[in-house]
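Here's the structure, in C-alpha cells; my notes come after.
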Amino acid sequence: MTGSRVSEKTSGIRDVAALAGVSPTTVSHVLNQTPHTRVSEETAARVRAAAEELGYRPNRLARGLRTQASDMIGLLTEEIATTPHAGRIILGAQEEASRRNLTLAIINSELHPDPEMDESQIQAFLDRQADGIIYATVYHDVIEAPENLLMRPAALIGARDTAGSIPAVLPDERGGAASVVDMLVARGHRRIGFAASADDVPATRGRLQGYLDGMARAGLSTDGLIVEGGSDARGGYRATLALLEHEPTAVFCYNDRMAMGAYRAAADRGLQIPSDLSVVGFDDQAPLPESLFPALTTVALPHYEMGAWAVAALADLIQGTRDGQPRAADPEVLECPLVERDSVAPPRRRVAA
Numbered sequence: 163m164t165g166s167r168v169s170e171k172t173s174g175i176r177d178v179a180a181l182a183g184v185s186p187t188t189v190s191h192v193l194n195q196t197p198h199t200r201v202s203e204e205t206a207a208r209v210r211a212a213a214e215e216l217g218y219r220p221n222r223l224a225r226g227l228r229t230q231a232s233d234m235i236g237l238l239t240e241e242i243a244t245t246p247h248a249g250r251i252i253l254g255a256q257e258e259a260s261r262r263n264l265t266l267a268i269i270n271s272e273l274h275p276d277p278e279m280d281e282s283q284i285q286a287f288l289d290r291q292a293d294g295i296i297y298a299t300v301y302h303d304v305i306e307a308p309e310n311l312l313m314r315p316a317a318l319i320g321a322r323d324t325a326g327s328i329p330a331v332l333p334d335e336r337g338g339a340a341s342v343v344d345m346l347v348a349r350g351h352r353r354i355g356f357a358a359s360a361d362d363v364p365a366t367r368g369r370l371q372g373y374l375d376g377m378a379r380a381g382l383s384t385d386g387l388i389v390e391g392g393s394d395a396r397g398g399y400r401a402t403l404a405l406l407e408h409e410p411t412a413v414f415c416y417n418d419r420m421a422m423g424a425y426r427a428a429a430d431r432g433l434q435i436p437s438d439l440s441v442v443g444f445d446d447q448a449p450l451p452e453s454l455f456p457a458l459t460t461v462a463l464p465h466y467e468m469g470a471w472a473v474a475a476l477a478d479l480i481q482g483t484r485d486g487q488p489r490a491a492d493p494e495v496l497e498c499p500l501v502e503r504d505s506v507a508p509p510r511r512r513v514a515a
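Under this note's numbering, the first residue of the sequence shown is numbered 163, with each subsequent residue one higher.
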C-alpha cells in the first residue's frame, strides 16, 4: 500500500476493508481488539496499515482498549416495538437477556427508516458502551448493514446482510404456508384459494411461494385461485368475494386480519365456516384468532423464539464462542408452526383438480 489514498471524503470501515482486502467484520475485530478472534498477525498488521493510510479512526470508544464489559446490549427495531403481534420478539429478547444477566436497551425506529437515522441510533448504543447490537427488520429480507453496526458484535432479526458477516434469524414463512396447503389437501380440499397481500414485503413473497409449492406438490391448479388485496380485513373481504366466483372449498389468507374479512365475505354469501368454506390465516395475531367464531386455524410466527435466538447468538459472539458456527450466508430459519382450531373441515364434496 503505497502513496496516499486519503481523499476529502471521510473514510469508513468498508474503505479500510477494501484496501486491506478483508471483510468489514475483520477490520472491526482488529481495531477494537475483540477477544477470542482468529485473525493472523499479518492480516491485523495489514488492517492497521490501511486504517492509518486512510486516516480512519472508529470512534472515541474504539480508540482505547475496552477493559470492562457493560453487560448491556441494544435492540434497534424497525417499528416492531409498536406492532402488536411482533411484541413477542421483544419479550423473547428480554427474557433471554435476563437469563444471561444482560440488560437490554431498545430503540424503535421509523416506519421506513432512513439509513442515516439508523446509524445515529446505533451510535447512541455505541456511546453507551453497548457490548453488542441486535438489528430487527420486517420490511427487508436482505440489508446492507449500517456501517457502525459492524463496530460491535451484532445479530439480525428478520433479514440477512449483504456481506454475509452477521448472524441472522428468519421465520420460515414459505414452509409455514406450504404446510397449510398440505393440511388442506389431507382434509380433502382441491380448490384452495389464496387471498394474497399486495404489500411489497418479504412475507408477501414467502407466503405466496409456499402456497405455490404446496399446490404444485399436490398437482393442483391455481387458475383463478390467487387474488391480491390489502393486508387488512377490508382487503380480505374483497379478495374472498373475488375468489368465491371460482368456487373454492377453502381460502388461505395472507394474514389473520384478511381472514377476518374472509369470514364476513362468507357470511354475506350465505356460507357457513367451516362446513361450506374452510378458512386459514397466518400470524396467530392474538387475540384475533380466538376472537373469531369459529376460532381461526392459522400459522404462528416464531417471534418469541427469534428474539431469544438473537440475544443468545449475540451473547455467544460477544464471549467469542461462535467460532465455526453458521454465518449470515446460512441464517437460522425457524419453523412457523400450524395452529389448528375450528375453521377447517373436509369439503362437502370432493372437487376434482
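Virtual Cβ for every residue (Gly too), placed ideally from N, Cα, C.
Where does S393 sit, in a helix, a strand or coil, going by DSSP? coil
Tell me the DSSP secondary structure of I480 in three-state form. helix
Per DSSP, which one or two residues make a beta bridge with Y399? DSSP, once it has assigned bridges, lists no residue as partnering Y399.
Pull up the CB-CB distance for A292 and S232, whole angstroms please, since I reckon it's below 8 Å. 6 Å
Can you tell me which of V178, E502, R510, V184 puts its alpha carbon nearest to the alpha carbon of S327? V184
Using 8 Å as the threshold, is the C-beta distance between G294 and L476 below it? yes
By the 10 Å Cβ neighbour count, where 16 or more other Cβ atoms means buried, how is H465 classified, buried or exposed? buried
Same chain only: Cβ atoms within 7 Å of V495, ignoring 5 sequence neighbours per side: L332, D334
With distances taken between CB atoms, is the gap from A421 to G443 smaller than 8 Å? yes
Would you be able to state if there are at least three C-beta pairs under 8 Å between the stretch 355-366 and the stretch 385-400? yes
What residue range is occupied by the uninterrupted alpha helix (DSSP H) comprising G249? 249-261
Take the Cβ of Q434 as the centre, count every other Cβ of all protein chains shown within 10 Å, and call the residue buried at 16 or more, exposed below. exposed
In its own chain, which residues sit with a C-beta less than 8 Å from the C-beta of S437, not counting the 5 before and 5 after it? A507, R510
Where do the N-terminal and C-terminal ends of the beta strand (DSSP E) with N270 fall, by residue? 265-270
Identify, in the order they occur along the chain, each residue of the same chain with its Cβ nearer than 8 Å to the Cβ of T324, setting aside the five sequence neighbours on each side. V304, I305, E306, A307
Is it true that the CB of F414 sits closer than 8 Å to the CB of G355? yes
Taking buried to mean at least 16 other C-beta atoms within 10 Å of its own C-beta, is G469 buried or exposed? buried
Do S383 and T411 have their C-beta atoms within less than 8 Å of each other? no
Taking DSSP as the reference, what is the three-state secondary structure of P509? coil
Run of the alpha helix (DSSP H) containing P364, from where it starts to where it stops: 364-379
In whole angstroms, what separates the C-alpha of S453 from that of G372? 26 Å
Just how far apart, CA to CA, sit R167 and A211? Low local confidence applies: a pLDDT of 41 at R167 is under 50, so the model's placement there is unreliable, with the coordinate-based value given in what follows. Each residue's alpha carbon lies about 12 Å from the other.
Give the DSSP-derived three-state secondary structure of R503 in the structure shown. coil
Determine the direct distance from the alpha carbon of G337 to that of G254, and round the result to whole angstroms. 22 Å
Taking only the alpha-carbon atoms, compute the straight-line gap between A316 and I296 and give it to the nearest angstrom. 6 Å
Can you tell me where the alpha helix (DSSP H) holding E215 begins and where it ends? 203-216
DSSP beta-bridge partners of D233: None; D233 has no bridge partner.
What residue from H302, L311, V189 has the CA that sits closest to I284's CA? L311
Where the alpha helix (DSSP H) through G337 begins and ends: 335-348
Please state if the CB of L463 and the CB of D445 are separated by a distance shorter than 8 Å. yes
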